[in-house]
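Peer 1: So the sequence lines, in the order shown, correspond to chains H and X. When you number the first sequence by numbering that gives the first Met the number 0, it's gap-free, plus one each residue, and the end is 259. When you number the second sequence by numbering that gives the first Met the number 0, it's gap-free, plus one each residue, and the end is 395. Next up is a structure, given as structure tokens.
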Amino acid sequence: MNRFDTAFQQPGRKSFIPFFTLGDPTRAESMRLIRAAVDAGADAVELGFPFSDPVTDGPINQRSMRRSLSSGMTYNGCVEMIREIRALYPDLPIGLLLYCNLLFKRGERAYAEFAEIGVDAVVCSDLPLEESGRHCELLGAHDVGCIQMIAPNTPTERAARLIDRSSAFTYVISRFGTTGPSVRFEDDAVHRVARLRELSDKPLVVGFGISRKEHVADFWNAGADGVIVGSYFSLLVERNLDDLGVARKEIDEFVRAARS
Amino acid sequence: MFTQVDLRTRFGERGYGGLYSSESLVAVLEEVETAFLKARADDAFMDKFRDVLRSFAGRATPVMYAERLSERYGRRIFLKREDLLHGGAHKTNSTIGQLLLAKYMGKTRIIAETGAGQHGVATAMTGAKLGLPVEVYMGAVDIERQQTNVKRMELFGAQVHPVTNGGATLKDAINEAMRDWITNVGSTYHCFGTAAGPYPYPSMVKFFQSVIGNESRAQMVEMTGAMPSAVFACIGGGSNAIGMFSAFEDDPDVLLFGAEPAGASEDPDRHAATLTRGTPGVFHGMHSLFLQNSEGQITNTHSIAAGLDYPGVGPELAAMQDSGRATFEAVSDEETVNVFAELSELEGIIPAFESAHALALALRKADELDPEATILVCVSGRGDKDLEEYWNYRGI
């Protein structure tokens, strides 16, 4: 069974899912940051392969990916990191975020590799439903979950189709724009999640802009099964490059506070 | 005057093209497609488009027989003078079409990206004419080398946003424009500068730029009694090329050639020759050819012609290379600069560095063509913007 299914089926428990760019700022430090979040109680992780031109992401994650690439991180390096994380945490649900071109270049062997290293689900932020047929087919063939994204302007009928095509979970983009911390959300963002919740009982996970534990609670209360916090953690890394112990501590505190 | 296009076409056996973008843009791209199809069939829209092209942009542009150049190279060489279009480059054809479409859609804000500044200038100028506010993303490196164009955009009332990410050139400016669009989808129209990106842009921009080819075809027949033997255009994203080629693509006797930037010949890594040295990938909304490493990381590029300094290319051109319908070769900065000077001296025309690539390839190929051949070169823009760079390159 997909580890995300197990996580989302725990009665009364919502999932807190941190996002990290693999290799930011270096492989070793990235591993320590991810471990800090998981050891603090994260229910799953979403891991990003660094890409040179991450258009769906905002400047904070772009700089995070740039740091990772500059430190020498490669596709194979990401694969090896995931293998290591899987060995450390056999039951941890692991989702991946990749830009389409990385998958395109890796070719179809990427999917067997995901299964082999224990990846549970994959999202490709520049691969919309119309272009994702073969991608979903290959994920299915290797029993890896397929994550489709829903945007604020996605019509209801299309949203239902996207949820239907997702396995593991559907990624609900909280607001217009790229990734990056928000100070506050419009009420409609939360209401929209509640409306989507009425469409299906399949897992919904909200991401983009979530940077405070109150945001986490708001989306959980609106019916989301999980939330993803990404750019905010990338920002903590960026602010504390001289002493990443501070970043780890803040991430630990955030995860514990959100989970409490 | 315009070539019919199928917006959802996948190009060639490899299926170039497509729509690879964030889910936030899918609905907007479909909105653009629907509006374009409606506008194209709307006589009032098309009449307005033709009228603005004529009265504001100065169409039709002439085809000129380049007498002294022809004498030197022993072939009859004709120049399609898009440099005489208002704004100084072919970009105006598409900005008029796209901004009229934006108005038709009820959009109130225009964003664009620019490399050399020509598309930015054309968008800003057209925005001023049509009363639409324009914001332009431009790489910091390009801002540095195209100061005059930055000032022109500002004079037209546009806001220019410097982009410092990545190589700080066209690719990075496109990234920022796409991010802006994802954030402001309701009010904003993204006026894309070339026949690339997600559908419907490659075909829609081709439609707006097909006026170049259709005029040229008629003018050549009128001047010589026949179609040209060979047609040359420069390729960055490829909008002037696909616009020019559109009128001849179904005539196999007309040879089609595209010139892309080989960049700094002393450094083989500094170029932007996507068609001849790129590999298939998926980026900026399309499946096409890109300059990238073996893992799919997009590489930074170089060309003395800022408008060609892009690691991708329009998907239809990539398919034309595969099918052999068009031939593409790379031209170095040095060859470009030499031809820039040569055309200035021989014909009294200062071509844009971009256009000098096309002419350089035409002159390279002239010997291989039949002595009776007629050569048509698209002078896509004028080179006033490149004078500083020319003097820098020459060390003057």
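Here a beta-carbon is modelled for each residue, glycine too, at the ideal position from N, C-alpha and C. A quick note: this is a predicted structure, and the numbers were derived from the prediction, not measured.
On a Cα-Cα basis, can you pick out the residue from GLY105(X), GLY380(X), THR8(X) that is closest to ALA38(X)?
Peer 2: Position 39 of the second sequence, counting from 1, holds the residue named residue 38(X). That would be GLY105(X), whose Cα lies nearest to the Cα of ALA38(X).
Peer 1: Listed from N- to C-terminal order along the chain, which residues in the segment 129-149 of chain H have their beta-carbon within a distance smaller than 9 Å of any beta-carbon of chain X?
Peer 2: Going along the segment 129-149 of chain H in chain order, one finds GLU129, GLU130, GLN147, MET148, ILE149 with a Cβ nearer than 9 Å to chain X.
Peer 1: Please tell me whether SER51(H) has its Cβ less than 7 Å away from any Cβ of chain X.
Peer 2: Numbered from its first residue, the first sequence carries residue 51(H) at position 52. So, interface residue.
Peer 1: Evaluate the contact criterion for the segment 238-258 of chain X versus the segment 290-302 of chain X: three or more CB pairs, one atom per stretch, below 8 Å.
Peer 2: Cβ pair count under 8 Å is below three, so no.
Peer 1: Does the segment 266-277 of chain X come close enough to the segment 345-352 of chain X that 3 or more CB-CB pairs lie under 8 Å?
Peer 2: No, because fewer than three Cβ pairs between the segment 345-352 of chain X and the segment 266-277 of chain X fall closer than 8 Å, the two stretches do not touch.
Peer 1: Determine, using beta carbons only, whether THR113(X) and VAL135(X) come nearer to each other than 7 Å.
Peer 2: For the purposes of this step, residue 113(X) is taken as the residue at position 114 of the second sequence. For the purposes of this step, residue 135(X) is taken as the residue at position 136 of the second sequence. Their beta carbons are under 7 Å apart, which means THR113(X) touches VAL135(X) by this criterion.
Peer 1: Is there a C-beta anywhere in chain H that falls below 7 Å from the one on VAL25(X)?
Peer 2: Translated into positions along the second sequence, residue 25(X) becomes position 26. VAL25(X) counts as touching chain H.
Peer 1: For the beta strand (DSSP E) holding CYS123(H), just list the boundary residues, first then last.
Peer 2: Position 124 of the first sequence, counted from the start, is the residue given in the question as residue 123(H). Counting along the chain, the beta strand (DSSP E) containing CYS123(H) begins and ends at 120-123.
Peer 1: So, with DSSP's three-state summary, where would you put SER14(H)?
Peer 2: Residue 14(H) sits at position 15 when you count from the first residue of the first sequence. Residue state, collapsed to three classes: strand.
Peer 1: Am I right that CYS123(H) and CYS99(H) are in contact with their C-beta atoms under 8 Å? What's the rounded C-beta distance?
Peer 2: The residue given as residue 123(H) occupies position 124 in the first sequence. The residue given as residue 99(H) occupies position 100 in the first sequence. At roughly 5 Å, the Cβ-Cβ gap stays under 8 Å, so CYS123(H) and CYS99(H) are in contact.
Peer 1: Going by C-alpha to C-alpha distance, which of ARG157(H), ASP125(H), PHE48(H) sits closest to LEU68(H)?
Peer 2: As a first step, residue 68(H) is located in the first sequence; it is residue number 69 there, counting from the start. LEU68(H) has its Cα closest to that of PHE48(H), out of ARG157(H), ASP125(H), PHE48(H).
Peer 1: Tell me whether VAL121(H) is buried or exposed, calling it buried when 16 or more other Cβ atoms sit within 10 Å of its Cβ.
Peer 2: Residue mapping note: residue 121(H) aligns to position 122 of the first sequence, counting from 1. By the neighbour-count rule (16 or more Cβ atoms within 10 Å), VAL121(H) is buried.
Peer 1: To the nearest angstrom, report how far apart PRO10(H) and LEU195(H) are at their CA atoms.
Peer 2: Residue numbering aside, residue 10(H) sits at position 11 when the first sequence is read from its first letter. Residue numbering aside, residue 195(H) sits at position 196 when the first sequence is read from its first letter. Roughly 20 Å between the two C-alpha positions.
Peer 1: Flag this pair as touching only if the segment 222-238 of chain X and the segment 187-199 of chain X have three or more C-beta atom pairs under 8 Å; answer yes or no.
Peer 2: Short answer: they touch.
Peer 1: Between GLU252(H), PHE18(H), ALA35(H), which lies nearest to GLU45(H) when the distance is taken from Cα to Cα?
Peer 2: Taking the first sequence and counting its residues from 1, one reaches residue 45(H) at position 46. Checking every option, the nearest Cα to that of GLU45(H) belongs to PHE18(H).
Peer 1: Restricting to Cα atoms, I'd like to know which of GLY242(X), LEU6(X), LYS102(X), PHE327(X) is closest to HIS189(X).
Peer 2: Indexing the second sequence from 1 puts residue 189(X) at position 190. Ranking GLY242(X), LEU6(X), LYS102(X), PHE327(X) by Cα distance to HIS189(X) puts LYS102(X) first.
Peer 1: Between the segment 83-101 of chain H and chain X, which residues of the former have CB atoms less than 9 Å from a CB of the latter, in chain order?
Peer 2: Result list: TYR98, CYS99, ASN100, LEU101.
Peer 1: Which residues in chain X sit within 7 Å of TYR74(H), going by Cβ to Cβ distance?
Peer 2: In the first sequence, residue 74(H) corresponds to position 75, counting from 1. Near TYR74(H) (Cβ distances below 7 Å), the residues of chain X are GLU294.
Peer 1: Rounded to the nearest angstrom, how far is the Cβ of GLN117(X) from that of ASN148(X), given a contact under 8 Å?
Peer 2: Counting from one through the second sequence, the residue named residue 117(X) turns up at place 118. Counting from one through the second sequence, the residue named residue 148(X) turns up at place 149. Contact holds; Cβ gap of about 7 Å.
Peer 1: Flag this pair as yes or no: are the beta carbons of SER23(X) and ILE181(X) separated by less than 7 Å?
Peer 2: Position 24 of the second sequence holds residue 23(X). Position 182 of the second sequence holds residue 181(X). Going by C-beta atoms, SER23(X) is nearer than 7 Å to ILE181(X).
Peer 1: Using 8 Å as the cut-off, can you tell me whether the segment 210-224 of chain X makes contact with the segment 356-363 of chain X, which would need three or more C-beta pairs spanning the two stretches below that distance?
Peer 2: No, because fewer than three Cβ pairs between the segment 210-224 of chain X and the segment 356-363 of chain X fall closer than 8 Å, the two stretches do not touch.
Peer 1: Looking at ARG49(X): is its Cβ nearer than 7 Å to the Cβ of PRO61(X)?
Peer 2: In the second sequence, counting from the first residue as 1, residue 49(X) sits at position 50. In the second sequence, counting from the first residue as 1, residue 61(X) sits at position 62. No.
Peer 1: What does the Cβ neighbour count give for ASN391(X), buried or exposed, with the cut at 16 atoms within 10 Å?
Peer 2: Working through the second sequence from its first residue, we reach residue 391(X) at position 392. So ASN391(X) ends up on the exposed side.
Peer 1: Per DSSP, VAL171(H) forms a beta bridge with which residues?
Peer 2: As a first step, residue 171(H) must be located in the first sequence, where it is residue number 172. DSSP, once it has assigned bridges, lists ILE149(H), VAL205(H) as partnering VAL171(H).
Peer 1: Looking at the C-beta of MET399(X), does it have a partner C-beta in chain H at a distance below 7 Å?
Peer 2: Summary: the structure shown does not reach residue 399(X), with chain X confined to residues 0 through 395, and so no result is reported for it.
Peer 1: I want to verify the contact list: residues of chain X whose CB lies under 7 Å from the CB of ASP125(H), in sequence order.
Peer 2: Reading the first sequence from its first residue, position 126 is the one you call residue 125(H). Under the 7 Å cutoff, chain X gives TYR19, SER20, SER21.
Peer 1: Is the Cβ of THR182(X) closer than 7 Å to any Cβ of chain H?
Peer 2: By 1-based counting over the second sequence, the position of residue 182(X) is 183. It does: the Cβ of THR182(X) has a partner Cβ on chain H nearer than 7 Å.
Peer 1: Between the segment 279-292 of chain X and chain H, which residues of the former have a C-beta closer than 9 Å to a C-beta of the latter?
Peer 2: Here the close residues are PRO279, GLY280, VAL281, PHE282, HIS283, GLY284, HIS286, PHE289, GLN291, ASN292.
Peer 1: With a threshold of 8 Å on Cβ separation, who are the neighbours of PRO199(X) within its own chain once the five nearest residues in sequence on each side are excluded?
Peer 2: Here residue 199(X) refers to the residue found at position 200 when the second sequence is read from its first residue. Same-chain partners within the cutoff: LEU6, ARG7, LEU28, VAL31, GLU32, PHE35.
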